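J.: Structure in structure tokens, see below.
Residue numbers (our numbering), protein chains in the order written: chain A, 18 to 576; chain U, 2 to 208.
See below:
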């Protein structure tokens with residue numbers, strides 16, 4: 018049977034872009050299916066609008082906020098936000114979960130915070146060592162060359178630190194810390210010799226390579242308008258980097274406004290034969306056939322498609338003989354941390370709007386003990402107050418104007434991101450009765466933090482407060498006592514986990530479904546644990562690696 | 002884009018809807034279609050109940066939210082909060098017009114009510130303390146009344162006033178003169194420099 022395509026990739030974001038690039042570069046005719054609309058790099062961005070060119074002070078009209086969960090949305094970024102009432106999901110009673118989505122070409126690679134950290138050997142060993150979750154079927158050494166590969170192409174700026182818990186990578190020159198951040202770093206290192214503060218490692222070009230320049234990408238201009246899309250292509254996204262590279266091969270086809278409905282299973286071959294889609298506009302169904310299928314539709318999205326891929330062989334969803342499909346949903350424990358202000362240093366300022374902060378890598382259960390397993394890292398930043406303080410401070414007239422001509426004092430924030438343990442009871446399922454406007458069953462999310470997660474959160478707050486106080490910050494307060502609800506870190510993972518045992522996991526060490534050898538899942542769904550680092554870089558490396566092996570297996574006639 | 006200094010509207014200009022402010026914010030014309038008629042009615046009902054704001058309250062310009070009296074009051078408050086100094090102030094920056102437009106195209110009825118209540122509270126203070134509408138006070142007295150209102154309303158976490166003041170401040174510093182003349186505006190800074198003496202920059206960054 019002749020397939021329409023050699024490879025089908027569902028999703029065009031962080032993982033899908035990488036899968037498409039690597040598959041197309043290996044000569045495979047590759048189809049990318051995106052459920053959202055087309056976005057043209059550059060022309061569809063709003064990053065050249067000055068503040069006074071944005072109507073309504075850049076706020077989405079109040080009556081439209083209902084589409085965004087009642088939130089105030091910048092109108093200049095609303096083109097990357099779904100109208101949530103068009104895309105409902107349900108949650109278990111008393112267990113809130115926020116599911117942020119990016120339904121457009123490029124997905125959340127246009128919306129991410131661009132922080133890029135490697136997982137370490139201790140992260141890949143953690144499940145095995147403390148018995149939570151499935152042992153990862155890969156180790157750091159399996160992924161290290163692929164981290165190198167994706168960092169060189171994507172462009173990650175950062176400072177090498179030689180830390181075992183946060184391996185160094187192929188870095189472009191680091192961005193600078195500002196004065197107060199340097200003071201914080203020095204005092205932190207003095208008080209806590211085993212804790213480190215380093216500049217954030219972020220997917221922004223600071224010294225573009227020839228390969229990056231050939232794709233039309235230039236260095237970061239410190240405008241901090243990333244969330245509107247970057248016409249300079251300075252930050253990594255599917256639109257600035259992977260999809261253009263895939264397109265250069267001549268092997269890429271992209272369809273947009275087509276919603277992944279299910280993977281079609283061929284009982285005769287024991288393989289997936291294609292992907293059924295629903296046209297988002299006409300609601301027509303069609304099937305694309307392909308020799309290998311990559312699901313890169315986001316952790317929850319890929320699980321959703323698989324759960325909806327029901328057949329006689331797989332009545333509860335494709336490749337679900339283990340009953341693990343949809344289980345072990347995780348996010349990072351977030352909302353933790355503290356803030357404070359630093360008196361003085363008013364003769365010091367900075368130039369540019371750095372789209373990056375600093376990072377304090379994990380120290381709990383690395384160099385310092387804890388009464389919980391795993392740990393957390395902190396992102397943070399220091400800056401001076403701007404004119405916004407004028408709205409809430411007493412005083413009017415020329416004196417107020419004169420005061421706001423000078424920047425305000427220095428303040429700092431720390432935000433912890435903790436490792437949430439895998440728990441098979443945290444899961445997504447198909448809603449038994451409700452369907453969306455395309456007739457696809459809604460997703461039901463049942464997820465809550467466990468004891469370890471909450472214990473960790475409390476310690477993260479204490480550590481944040483203690484570090485700021487030790488460094489001389491004043492007015493130090495923890496951000497909030499309890500973490501945000503899961504989903505808020507927008508680092509959802511698990512649901513189609515990797516593992517060694519087909520009886521307890523869905524994917525093997527090549528991200529290949531144990532039950533369906535030509536089906537691969539390489540987005541956050543595949544993660545057997547979350548570590549505490551921002552995960553996108555790992556999705557990139559895992560996607561590139563899986564694409565490499567999938568192409569090899571296909572060539573060798575194994576799948 | 003040129004910025005014309007504010008010279009004040011004549012009442013006739015306001016009534017004819019022919020007023021225009023340069024500086025990026027066009028007013029009048031074409032807005033009527035955007036008005037949310039239901040919200041307008043709700044706000045009108047509230048305005049009618051606010052007996053402190055009766056002067057010419059019924060006079061409205063098509064496509065605008067605030068009555069002429071309300072708009073005059075908003076202009077004075079904007080001007081008092083962000084006056085012209087050695088750089089243009091809120092009036093030259095078109096702040097009152099921007100806020101009026103936001104009421105029409107952006108705000109929900111509750112927010113519009115907040116604004117009317119916020120304006121009415123300032124007028125009420127003038128009447129209580131001086132027996133006349135805020136607009137009829139001498140500029141120095143207006144400054145004195147608004148200064149005290151500002152301090153008390155902010156320390157009492159008065160939502161309507163806090164919203165009014167922060168919007169006026171934001172609208173001013175996001176305007177072209179506010180960002181580029183009053184503060185420092187650098188649309189494309191290039192590589193970030195972390196430690197720069199403040200004297201080298203001289204003023205707060207606008208963005």
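We put the CB at the ideal spot given by N, CA and C, even for glycine. The structure displayed is predicted, hence computed values, not measured ones.
Which of the residues in the segment 137–159 of chain U, read from start to end, lie with their CB under 7 Å from any CB of chain A?
T.: Those residues of the segment 137–159 of chain U that come within reach of chain A (Cβ to Cβ, closer than 7 Å) are 144, 147, 148, 151, 152 and 155.
J.: Which residues bound the alpha helix (DSSP H) around residue 399(A)?
T.: Locating residue 399(A) in the first chain gives position 382, counting from the first residue. That residue, residue 399(A), is in no alpha helix (DSSP H); its beta strand (DSSP E) goes 393–401.
J.: Any contact between the segment 198–207 of chain A and the segment 323–340 of chain A? By contact I mean 3 or more CB pairs, one from each, below 8 Å.
T.: Output reads no: the segment 323–340 of chain A does not touch the segment 198–207 of chain A.
J.: Compute the Euclidean distance between the alpha carbons of residue 187(A) and residue 58(A), then round it to the nearest angstrom.
T.: Counting from one through the first chain, the residue named residue 187(A) turns up at place 170. Counting from one through the first chain, the residue named residue 58(A) turns up at place 41. Rounded to whole angstroms, residue 187(A) to residue 58(A) spans 26 Å at the Cα level.
J.: Terminal residues of the continuous beta strand (DSSP E) containing residue 510(A)?
T.: Counting from 1 along the first chain, the entry for residue 510(A) is found at position 493. First-last of the beta strand (DSSP E) with residue 510(A): 510–512.
J.: Can you tell me where the alpha helix (DSSP H) holding residue 415(A) begins and where it ends?
T.: As a position in the first chain, residue 415(A) is number 398, starting the count at 1. Counting along the chain, the alpha helix (DSSP H) containing residue 415(A) begins and ends at 415–421.
J.: Rounded to whole angstroms, what's the CA-CA distance from residue 41(A) to residue 327(A)? Just pull it up for me.
T.: As a first step, residue 41(A) must be located in the first chain, where it is residue number 24. As a first step, residue 327(A) must be located in the first chain, where it is residue number 310. Taking the straight line joining both Cα atoms gives about 29 Å.
J.: Should the segment 147–155 of chain A be called in touch with the segment 511–521 of chain A, which here means at least 3 C-beta pairs below 8 Å?
T.: Yes, the segment 147–155 of chain A is in contact with the segment 511–521 of chain A.
J.: Taking C-alpha atoms, which residue in 397(A), 72(A), 389(A) and 569(A) lies nearest to residue 467(A)?
T.: Indexing the first chain from 1 puts residue 467(A) at position 450. Of 397(A), 72(A), 389(A) and 569(A), the residue nearest in Cα terms is 389(A).
J.: Are the C-beta of residue 116(U) and some C-beta of chain A separated by less than 7 Å?
T.: Within the second chain, residue 116(U) is the residue found at index 115, counting from 1. Not one chain A Cβ lies under 7 Å of residue 116(U).
J.: Listed in chain order, which residues of the segment 70–82 of chain U have Cβ atoms closer than 8 Å to some Cβ of chain A?
T.: The residues in question are 81 and 82.
J.: What are the residues that DSSP puts in a beta bridge with residue 48(A)?
T.: For this step, residue 48(A) is matched to residue 31 along the first chain. Residue 48(A) is bridged to 25(A) and 270(A).
J.: Which same chain residues, not among the five before or five after residue 141(A), have their C-beta less than 7 Å away from its C-beta?
T.: Counted from its first residue, the first chain places residue 141(A) at position 124. Within the same chain, residue 141(A) has close Cβ partners 153, 155, 156 and 157.
J.: Determine the closest residue to residue 538(A) out of 525(A), 145(A) and 492(A), with distance taken between C-alpha atoms.
T.: As a position in the first chain, residue 538(A) is number 521, starting the count at 1. Answer by Cα proximity: 525(A).
J.: Compute the beta-carbon to beta-carbon distance between residue 381(A) and residue 476(A), rounded to the nearest angstrom, for a pair I have assumed lies under 8 Å.
T.: By 1-based counting over the first chain, the position of residue 381(A) is 364. By 1-based counting over the first chain, the position of residue 476(A) is 459. About 7 Å; that satisfies the 8 Å criterion.
J.: Roughly how many angstroms separate the alpha carbons of residue 177(U) and residue 94(U), rounded to a whole number?
T.: By one-based count along the second chain, residue 177(U) stands at place 176. By one-based count along the second chain, residue 94(U) stands at place 93. Distance between the alpha carbons of residue 177(U) and residue 94(U): 7 Å.
J.: Would you kindly work out how many angstroms separate the C-alpha atoms of residue 319(A) and residue 540(A), rounded to a whole number?
T.: In the first chain, the residue the question calls residue 319(A) occupies position 302. In the first chain, the residue the question calls residue 540(A) occupies position 523. The alpha-carbon atoms of residue 319(A) and residue 540(A) are separated by roughly 8 Å.
J.: Beta-carbon of residue 174(U) versus every beta-carbon of chain A: anything under 7 Å?
T.: Locating residue 174(U) in the second chain gives position 173, where the first residue counts as 1. Taking Cβ atoms only, chain A reaches closer than 7 Å to residue 174(U), which makes this a yes.
J.: DSSP three-state label for residue 101(U), please.
T.: Here residue 101(U) refers to the residue found at position 100 of the second chain. Residue 101(U) falls in the helix class under three-state DSSP.
J.: Would you mind sorting residue 61(U) into buried or exposed? The rule is 16 or more other CB atoms within 10 Å of its CB.
T.: The sequence position of residue 61(U) within the second chain is 60, counting from 1. Answer is buried; the Cβ neighbour count reaches 16.
J.: From the DSSP output, read off the bridge partner residues of residue 377(A).
T.: Along the first chain, one-based indexing puts residue 377(A) at 360. In the DSSP output, where bridge partners are listed per residue, residue 377(A) has 395(A).
J.: State yes or no: is the beta carbon of residue 404(A) nearer than 7 Å to at least one beta carbon in chain C?
T.: Considering every chain present, this structure includes no chain C. Its protein chains are A and U.
J.: To which residues of the same chain is residue 424(A) closer than 7 Å at the C-beta, ignoring the five residues directly before and after it?
T.: On the first chain, residue 424(A) is found 407 positions in, with the first residue counted as 1. Counting only Cβ-Cβ distances below 7 Å, and skipping sequence neighbours, we find 366, 401, 402 and 403.
J.: Answer yes or no: the CB of residue 118(A) versus the heavy atoms of the ligand ZN, is any distance below 6 Å?
T.: Questions concerning the ligand ZN fall outside what the structure shown contains, since it holds no ligand whatsoever.
J.: In angstroms with no decimal places, state the Cα-to-Cα distance between residue 571(A) and residue 123(A).
T.: Against the first chain, residue 571(A) aligns to sequence position 554. Against the first chain, residue 123(A) aligns to sequence position 106. Cα to Cα, the separation comes out at about 27 Å.
J.: Measuring CA to CA, which of 200(U), 79(U) and 73(U) is closest to residue 168(U)?
T.: For the purposes of this step, residue 168(U) is taken as residue 167 along the second chain, with counting starting at 1. The shortest C-alpha separation from residue 168(U) is found at 79(U).
J.: What number of angstroms, rounded off, separates the C-alpha of residue 208(U) from the C-alpha of residue 111(U)?
T.: Here the question's residue 208(U) lines up with position 207 in the second chain. Here the question's residue 111(U) lines up with position 110 in the second chain. Their Cα atoms are separated by approximately 30 Å.
J.: How big is the Cα-Cα spacing for residue 322(A) and residue 454(A)?
T.: Translated into the one-based positions of the first chain, residue 322(A) becomes position 305. Translated into the one-based positions of the first chain, residue 454(A) becomes position 437. Each residue's Cα considered, the two are about 16 Å apart.
J.: Let me make sure I understand the geometry here. Which of 29(A), 529(A) and 481(A) has the alpha-carbon closest to that of residue 209(A)?
T.: As a first step, residue 209(A) is located in the first chain; it is residue number 192 there, counting from the start. Cα-wise, what sits closest to residue 209(A) is 481(A).
J.: Could you name the residues of chain A that residue 66(U) contacts, counting a contact when the two beta carbons are closer than 9 Å?
T.: The residue given as residue 66(U) occupies position 65 in the second chain. Per Cβ cutoff of 9 Å: no residues; residue 66(U) is ~13 Å from chain A at best.
J.: Of all Cβ atoms in chain A, is any one closer than 7 Å to the Cβ of residue 162(U)?
T.: Counted from its first residue, the second chain places residue 162(U) at position 161. Not closer than 7 Å to any Cβ of chain A, the Cβ of residue 162(U) fails to qualify, so no.
J.: Suppose you measure from the CA of residue 545(A) to the CA of residue 90(A); what does that come to, to the nearest Å?
T.: Within the first chain, numbered from 1, the residue matching residue 545(A) stands at position 528. Within the first chain, numbered from 1, the residue matching residue 90(A) stands at position 73. Rounded to whole angstroms, residue 545(A) to residue 90(A) spans 33 Å at the Cα level.
J.: Would you mind reading off the limits of the alpha helix (DSSP H) that contains residue 468(A)?
T.: For the purposes of this step, residue 468(A) is identified with residue 451 of the first chain, where counting begins at 1. Residue 468(A) -> alpha helix (DSSP H) spans 468–487.
J.: By the criterion of Cβ-Cβ separation under 8 Å, what are the contact partners of residue 84(U) in chain A?
T.: Taking the second chain and counting its residues from 1, the one referred to as residue 84(U) is at position 83. Going along chain A in sequence order, the residues near residue 84(U) (Cβ under 8 Å) are 414, 415 and 418.
J.: Strictly by DSSP, which residues pair up with residue 456(A)?
T.: Reading the first chain from its first residue, position 439 is the one you call residue 456(A). According to DSSP, residue 456(A) bridges with nothing at all.
J.: Alpha carbon to alpha carbon, what distance is there between residue 197(A) and residue 87(U)?
T.: Indexing the second chain from 1 puts residue 87(U) at position 86. Indexing the first chain from 1 puts residue 197(A) at position 180. So the alpha carbons of these two residues sit roughly 32 Å apart.
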